[in-house]
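I have placed the structure first, in the form of structure tokens, so that the comments after it can refer back to it.
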Amino acid sequence: MKPVRLRAVLYIQMETFEYSEENDRATAAVRIAGLINRLRDGGRLSEEEDRQLDGWLAVGDNRRLFERLMDREQVISDVRAIDDYDKEAVTEAIFGRLGLQYPIEVKRGPWLKTWASAAAVLVLVAGAIWILMVSRKGAKMEVASSVLKKDILPGSDKATLTLGNGSSVALSGRRHIELGIQGDSRLTDQGGHLTYEFSGPTSATEYNTVATAKGGQYAVTLPDGSRVWLNAASSLKFPTTFSRKERMVQLTGEAFFDLVASKDHPFRIEIAGKGEIEVLGTRFNVNAYDDEPSVKTTLVEGALRVNALAGGGFSRSVVLSAGQQALLDRGHITVANDFNAAQAGAWKEGYFSFSGMTLEEIMRQVGRWYDAEIVYEGDVKNERFAGSALRSANASRLLEVLALTKTVQFTIEDKKIIVKPYHP
Amino acid sequence: MNEREFLAGLANGDQKALQWLIGAYFPILCKFAEQFLSDSSLAKDVVQETFIKLWQTRPPFHSINSFKGYLYIAIRNGCLNLNRGRARRENHHQTMCAGEPEAVDPLETGIVQFEAISLIYDIVRSLSSDKQEIFFMSYKEGLSVKEISARLNMKLKTVKNHKYRTLLELRRQLGSEHGPLLVVLALFFNGMS
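Residue numbers (the numbering used here), protein chains in the order written: chain W, 1 to 424; chain R, 1001 to 1193.
Have a look at this one:
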């Protein structure tokens, strides 16, 4: 593989938490405190919460702490003991260190008197003049973050489920919905996750399809307990019961698979017209969008085989081991080693992760997630970037970060993102 | 700003989120840090540095609880690093090793202790000092936060907390593997409020 030269490298260091045991314990402690708060204030706990609290109380000196925290007088004296501090000074110090303006400019409501708005206009005009003067002098201005006045909201949990009989159901990812029986499975939809559970044998096998549009994502637990996360503009077709011999699904777009191991039931993912992936039980990401030059299979754990389809039969096959990525392109397969496999599943953890990707590749992901059309004005497609950004943030957050490299700039018009080379 | 709004604000780089965090949590976290550092001005420094680092990196958070857990761990680590550095300089290695035998982790106890008063602190800090006294008296009498708010004629977070609780409930049902989607959900709930 050719070494990648990065012209514009921006790496936002992310303290990604690998969910260490300590993080879990800290989060659990926060939760326990929440339960105590509620109990003290006369609220009730569910059975499950009761059990959690009891578990915590049984450890060490926790019961004594609990009694102390339930004592309102004690709480009052604890709150009183919290030092008075100069909030303004602390805030100013922190904002100053971060290069942020403090106090934050506040948008005024309609109650603002006219003289005040007149004053604001004056300030604006003065500011504009100042900017003009500064730019005349030729001083460099940080324009990157002020360009994007309009914004695009991120995608969310939504998909369409097509049942065996052809009828379809919109999945909104919000509440708990029982969707009845399909073939051998009971279906529930809850919080962006569709689950198939074995309910009892029937003879009929039906095929269901979960499809996301641009700006959507969804998770599915298949009848065998395997989990699949479906990215935007993707679809997964699968039987409501897997056959005794093998587990076969059809994928378009991108999905992350966490498969339940079953030696006697190989798992096959068909990618129409391109090939198939044959797996025993493992975790991996498949990116098979039609607008991508190749089908990328990235293996996080375990082993799998990629079979390329050409001329009506399988032309080549390659076995991958963990940390490898297979690129399947018109019947040919190339393998990249030492791939940062965790990055391939970053999207399902809620962030974009790029290491040396071209702008064009990045913007394809952006277009799918923010349901935006990408328009290029000028030659920037092949600039490469490295970094991470939250998928839950508005589009501007990512674009502003990319713009900070001073190689590219963006304008948002409704659902269109215009990409241009950077012009100071 | 409540906790949900904070989480969404943090994700979007909203400076008001940082301002809220400093107002609601800075002094509590200083007290927490003092458990690990005897010097209260150093404790303050650690909390300040942690906030700066947090804002510079803004890692993705699945939920307000995991965010808080992260914050407490980061501050504890900051304190321990400082201690370690000083111990090395002063050549007092033993002080570090002479920890307690396998007792309850001071991190967890500290979190429970300070989290359990943070809600009351957040309410009280927004009141004028005479209202604070009324609040304390009524709270001691056994009135609920809600009843006291009615008495003080305050618009209080408890009402908003209803939606927050719905969110917590959702998360409980979803289990951990769908955490990341919650930021999205949080944004959605914000849109409704």
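Where is the CB? At the ideal position from N, CA and C, for every residue including glycine.
So, at 7 angstroms on beta carbons, what are the nonlocal neighbours of R/I1148 in its own chain, with the 5 sequence-adjacent residues on each side left out? Translated into the one-based positions of the second sequence, residue 1148 of chain R becomes position 148. The answer, listed in chain order, is F1135, S1138 and Y1139.
Below 6 angstroms CB to CB, which residues in the same chain sit around W/L161 once its five sequence neighbours on both sides are set aside? The residue labelled residue 161 of chain W in the question sits at position 161 within the first sequence. Taken in chain order, the residues that qualify are V169, L171 and V210.
Chain-order list of residues whose beta-carbon lies under 6 angstroms from that of W/R316 (same chain, five-residue window excluded): Residue numbering aside, residue 316 of chain W sits at position 316 when the first sequence is read from its first letter. Counting only Cβ-Cβ distances below 6 angstroms, and skipping sequence neighbours, we find A308 and I333.
Would DSSP call W/D157 helix, strand or coil? Residue numbering aside, residue 157 of chain W sits at position 157 when the first sequence is read from its first letter. DSSP places W/D157 in strand when its eight states are reduced to three.
Report the neighbours of R/C1079 on chain W: residues whose CB is nearer than 8 angstroms to its CB, in chain order. By one-based count along the second sequence, residue 1079 of chain R stands at place 79. What R/C1079 touches in chain W: nothing, since even the nearest Cβ is about 15 angstroms away.
Contact between the region 400-417 of chain W and the region 1017-1030 of chain R is defined here as three or more beta-carbon pairs at a separation below 8 angstroms; is this criterion met? no
Is the CB of W/Y351 under 9 angstroms away from at least one CB in chain R? Stepping through the first sequence from its first residue, residue 351 of chain W is reached at position 351. With 9 angstroms as the cut-off, W/Y351 counts as an interface residue toward chain R.
Does the distance from the C-beta atom of W/L390 to that of W/G350 stay below 9 angstroms? Here residue 390 of chain W refers to the residue found at position 390 when the first sequence is read from its first residue. Here residue 350 of chain W refers to the residue found at position 350 when the first sequence is read from its first residue. A contact, by the Cβ cut-off of 9 angstroms.
Around the Cβ of W/M70, are there at least 16 other Cβ atoms within 10 angstroms (buried) or fewer (exposed)? Reading the first sequence from its first residue, position 70 is the one you call residue 70 of chain W. Label assigned to W/M70: exposed.
Starting from the C-beta of W/D291, find all residues in its chain whose C-beta is less than 7 angstroms away, skip the five residues before and the five after it, and write them out in chain order. Translated into positions along the first sequence, residue 291 of chain W becomes position 291. Contacts found: R364.
Give the residues of chain R in contact with W/S355, contact being defined as C-beta atoms less than 9 angstroms apart. Here residue 355 of chain W refers to the residue found at position 355 of the first sequence. Near W/S355 there are no residues of chain R at all, since even the closest Cβ is about 17 angstroms away, more than 9 angstroms.
By how many angstroms is the C-alpha of R/F1026 removed from the C-alpha of R/N1081? Stepping through the second sequence from its first residue, residue 1081 of chain R is reached at position 81. Stepping through the second sequence from its first residue, residue 1026 of chain R is reached at position 26. Near 20 angstroms, if we compare the C-alpha coordinates of R/F1026 and R/N1081.
Check whether the Cβ atoms of W/V75 and R/E1115 sit closer than 9 angstroms, and answer yes or no. For the purposes of this step, residue 75 of chain W is taken as the residue at position 75 of the first sequence. For the purposes of this step, residue 1115 of chain R is taken as the residue at position 115 of the second sequence. No, they are not a contact pair.
Any idea what DSSP makes of W/D41, helix, strand or coil? One-based indexing of the first sequence puts residue 41 of chain W at position 41. If DSSP states are grouped into helix, strand and coil, W/D41 belongs with coil.
W/L132 to W/Q409, Cα distance in whole Å? The residue you call residue 132 of chain W lines up with position 132 of the first sequence. The residue you call residue 409 of chain W lines up with position 409 of the first sequence. In this prediction, W/L132 has a pLDDT of 35, which is less than 50 and means its spatial position is unreliable; what the coordinates show is noted afterwards. Taking the straight line from one Cα to the other gives about 20 angstroms.
Does R/R1004 come within less than 9 angstroms of chain W when only Cβ atoms are used? Residue mapping note: residue 1004 of chain R aligns to position 4 of the second sequence, counting from 1. Not an interface residue.
For R/I1052 and W/I94, what's the separation of their Cα atoms in angstroms? Position 52 of the second sequence holds residue 1052 of chain R. Position 94 of the first sequence holds residue 94 of chain W. When rounded, the distance between both Cα atoms is 6 angstroms.
If we call anything under 9 angstroms between Cβ atoms a contact, is R/I1073 one with R/A1033? Indexing the second sequence from 1 puts residue 1073 of chain R at position 73. Indexing the second sequence from 1 puts residue 1033 of chain R at position 33. Not in contact: R/I1073 and R/A1033 (Cβ atoms no closer than 9 angstroms).
Exposed unless 16 or more other CB atoms sit within 10 angstroms - verdict on W/A81: Counted from its first residue, the first sequence places residue 81 of chain W at position 81. When all chains shown are included, W/A81 counts as exposed.
Tell me where the beta strand (DSSP E) around R/M1001 begins and ends. Position 1 of the second sequence holds residue 1001 of chain R. No beta strand (DSSP E) contains R/M1001, which DSSP labels as neither H nor E.
So, helix, strand or coil for R/A1150, using DSSP? Mapped onto the second sequence, residue 1150 of chain R falls at position 150. Here R/A1150 sits in helix by DSSP.
For W/L65, which residues in chain R fall below 7 angstroms Cβ to Cβ? Your numbering for residue 65 of chain W matches position 65 in the first sequence. Simply T1109, V1112 and Q1113.
Quick one: grab the DSSP three-state call for W/A431. No answer is possible for residue 431 of chain W: it lies beyond the span of chain W, which begins at 1 and ends at 424.
Rank R/Q1132, R/S1041 and R/A1024 by C-alpha distance to the C-alpha of W/K87 and give the top, closest one. Residue numbering aside, residue 87 of chain W sits at position 87 when the first sequence is read from its first letter. Cα-wise, what sits closest to W/K87 is R/A1024.
To the nearest angstrom, how far is the alpha carbon of W/N337 from that of R/L1071? Taking the first residue of the first sequence as 1, we reach residue 337 of chain W at position 337. Taking the first residue of the second sequence as 1, we reach residue 1071 of chain R at position 71. Cα to Cα, W/N337 sits roughly 36 angstroms from R/L1071.
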